[in-house]
Amino acid sequence: MSSNVRVRFAPSPTGPLHIGGIRTALFNYLFAKKNNGAFILRIEDTDQNRYVEGAEQYIIDALNWCGLHFDEGPTKEADFGPYRQSERKSLYKVYAEQLIESGHAYYAFDTAESLDFHRKDHEAKGKTFIYNWHNRLKLVNSLSLSKEQTNDKLNNGEHYVIRFKTPQNQLLELNDIIRGNIKIDTNILDDKVLFKSDRMPTYHLANIVDDHLMEISHVIRGEEWLPSLALHQQLYDAFGWKAPEFAHLPLIMKPVGKGKLSKRDGDKLGFPVFPLSWNESKGYKEAGYFPEAVINFLSLLGWNPGTDQEIFSLNELIQSFDLHRVNKAGARFDPDKTKWYNQHYLQNKSDSELAELYMPTLIQKLGLDGEKLNTKTVEKVVSLIKERASFVNEFWDLSDYFFLPPSIYGVKAVKKQWKENTGELMNDVLQLIEPIKTYASENIENTIKEWITTNELPFGKVMAPLRLAIVGDLKGPHLFDIMEIIGKEQSISRIQKAINVLN
Ligand code: GLU
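Numbering (numbering that gives the first Met the number 0) for the sequence shown: 0 to 502.
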């Protein structure tokens, strides 16, 4: 059953989405799904100067990778389309003119040069130039000019913008689901441009008109848009439209120090800030993160479930999500925690799934030219090493010796563990394992341990050099499991090689 809840994620295609953008999309998605509503993607591409080729596709790919599939949007046209503002261009002017008609907006003819002059002049006096009630009658606009003068200018094709006429001496009461009531004195607001001289709407006008026409019930967006709320509320009032409810999400803060998370923080500390790679910047996907892990760690940046639960699937998030549990305060980004999440999701994947993910690396490292590796072997290897990994891309360093004999031996380990009589002991081991019929971990272990006990040998004197011979260092899981996987022939050849090289 669908409800009247309709939310939108409305990025501008000015570059790749930051993970903060994905967090905004996620909270919109969760709210929509929790309420049986619709999650809409709207591309806000009215600013031609900032348009970046490929950014829209990137946004769509990133949302899809995260599993945040939209119900309506570009490539998924529905009743409220088109979903790209550039394709709705013809619509906005009528609304701007409607506001002029009703006395809520006016034409302004000030040239860029004259505005620049005022700005600099104010700056020189340590002030800020604001275009509003206190000076608008001294500037060039349809409020200061006569009707004839205004019409002349319009008929002469002079450049103009349309500005919102912010009322004087009003106390606006705004409401935000996360922040509660906010009071604003309209006297401090400027008369924002709604429609530009290039005949395109500004963000403010297009955003309000589209949210209204698309019947958006809740606007959930980043805190950086909170300063626009006063204007948006006034626009709804001026049009006589019912405003949606608003929720401004807290900023995502740098891992250390003050301020919001930026790409520079990622570069400095070595973690991605984009979901997918963009030019030279690696994304979470390419860094080896699972989308489930990304979604899970993003969900807790600013929202808290009210319990200690930290692990949430997307479905569990949908069940638990509540806008009232979103914090006002900024959420500190913790790159170590993101790894912890990935490790968690990795440990919970089946060996066969992990083996499949590992396969392309193996094929490439071993130069197998697409030749099939034994899947069962790879699964076994993965089952033995995965607990030490947070990412599939760590598997090779943790398991190369399963596939290749050691080419070098750990210097420290050799010095400590390979003694004068070690070669002899290893020769004995060779004799022991050669006749083993079923070359399985337990059998190998029993055979060697029995011999150690019977001959009252120190355990480490045999096991450490044997591990050195098989693995090349004193690392890795249970040695006899490794020997079973590499097989008898390979075990023998590695022991022989170690005797030759290390003696
Ligand atoms: N286009 C704006 C952005 O880039 C949308 C802000 C909003 O959601 O109102 O974030």
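Ideal placement from N, C-alpha and C gives every residue a C-beta, glycine not left out.
Distance cut-off 6 Å: residue i Cβ against heavy atoms of the ligand GLU
{"i": "residue 244", "result": "no"}
Closest residue to residue i among the options (Cα-Cα distance)
{"i": "residue 313", "options": "294, 403, 81 and 336", "result": "294"}
{"i": "residue 217", "options": "486, 451 and 30", "result": "30"}
{"i": "residue 186", "options": "130, 289, 391 and 79", "result": "130"}
{"i": "residue 405", "options": "147, 420 and 490", "result": "490"}
{"i": "residue 74", "options": "136, 64, 55 and 90", "result": "55"}
{"i": "residue 226", "options": "359, 476 and 175", "result": "175"}
{"i": "residue 261", "options": "331, 148 and 394", "result": "331"}
{"i": "residue 172", "options": "387, 236 and 160", "result": "236"}
{"i": "residue 425", "options": "3, 465 and 85", "result": "465"}
{"i": "residue 95", "options": "374, 412, 310 and 203", "result": "203"}
{"i": "residue 246", "options": "181, 76, 498 and 87", "result": "181"}
{"i": "residue 444", "options": "168, 477 and 374", "result": "477"}
{"i": "residue 480", "options": "494, 438 and 453", "result": "438"}
{"i": "residue 133", "options": "189, 80, 160 and 108", "result": "189"}
{"i": "residue 177", "options": "11, 164, 462 and 219", "result": "219"}
{"i": "residue 230", "options": "9, 163 and 114", "result": "163"}
{"i": "residue 364", "options": "383, 345, 385 and 392", "result": "392"}
Segment limits, beta strand (DSSP E) that includes residue i
{"i": "residue 484", "result": "Per DSSP, residue 484 belongs to no beta strand (DSSP E); it is in the alpha helix (DSSP H), 478 to 485."}
{"i": "residue 5", "result": "5 to 8"}
{"i": "residue 247", "result": "244 to 248"}
{"i": "residue 189", "result": "Premise fails: residue 189 is in no beta strand (DSSP E) and is neither H nor E."}
{"i": "residue 104", "result": "104 to 107"}
{"i": "residue 217", "result": "217 to 221"}
{"i": "residue 162", "result": "160 to 163"}
{"i": "residue 310", "result": "It is not in any beta strand (DSSP E) - residue 310 carries neither H nor E in the DSSP assignment."}
{"i": "residue 37", "result": "37 to 40"}
Rounded separation between residue i and residue j - CA only
{"i": "residue 327", "j": "residue 355", "result": "42 Å"}
{"i": "residue 397", "j": "residue 57", "result": "33 Å"}
{"i": "residue 191", "j": "residue 321", "result": "33 Å"}
{"i": "residue 524", "j": "residue 305", "result": "With the chain running from 0 to 502 in the structure shown, residue 524 is simply not present."}
{"i": "residue 252", "j": "residue 334", "result": "12 Å"}
{"i": "residue 505", "j": "residue 65", "result": "Because the chain in this structure spans residues 0 to 502, residue 505 falls outside the shown range and cannot be described."}
{"i": "residue 68", "j": "residue 38", "result": "8 Å"}
{"i": "residue 401", "j": "residue 441", "result": "18 Å"}
{"i": "residue 103", "j": "residue 338", "result": "52 Å"}
{"i": "residue 504", "j": "residue 36", "result": "No answer is possible for residue 504: it lies beyond the span of the chain, which begins at 0 and ends at 502."}
{"i": "residue 277", "j": "residue 14", "result": "9 Å"}
{"i": "residue 389", "j": "residue 341", "result": "6 Å"}
{"i": "residue 213", "j": "residue 92", "result": "17 Å"}
{"i": "residue 467", "j": "residue 376", "result": "22 Å"}
{"i": "residue 209", "j": "residue 274", "result": "27 Å"}
{"i": "residue 430", "j": "residue 403", "result": "23 Å"}
{"i": "residue 483", "j": "residue 378", "result": "14 Å"}
{"i": "residue 195", "j": "residue 161", "result": "7 Å"}
{"i": "residue 280", "j": "residue 263", "result": "11 Å"}
{"i": "residue 268", "j": "residue 353", "result": "28 Å"}
{"i": "residue 170", "j": "residue 59", "result": "41 Å"}
Enclosing alpha helix (DSSP H) for residue i [first to last residue]
{"i": "residue 413", "result": "410 to 416"}
{"i": "residue 172", "result": "Residue 172 -> not in any alpha helix (DSSP H); beta strand (DSSP E) instead, spanning 170 to 175."}
{"i": "residue 138", "result": "Segment: none, residue 138 is in no alpha helix (DSSP H) and carries neither H nor E."}
{"i": "residue 399", "result": "394 to 402"}
{"i": "residue 205", "result": "202 to 212"}
{"i": "residue 364", "result": "350 to 364"}
{"i": "residue 117", "result": "111 to 123"}
{"i": "residue 180", "result": "Unbroken run through residue 180 is the beta strand (DSSP E), 179 to 184; no alpha helix (DSSP H)."}
{"i": "residue 299", "result": "Unbroken run through residue 299: none, as it is neither H nor E."}
{"i": "residue 439", "result": "No alpha helix (DSSP H) contains residue 439, which DSSP labels as neither H nor E."}
Any non-hydrogen atom of the ligand NAD closer than 6 Å to residue i Cβ
{"i": "residue 238", "result": "Looking for the ligand NAD in the displayed structure turns up nothing; the ligands present are the ligand GLU."}
Short CB-CB distance (under 7 Å) between residue i and chain B
{"i": "residue 392", "result": "Within the model displayed, chain B is absent; a lone protein chain is all it includes."}
Item to complete: For the ligand GLU, enumerate in chain order all residues having a CB closer than 7 Å to any of its heavy atoms.
Response: 9, 10, 11, 43, 202, 206, 218, 220, 221 and 224
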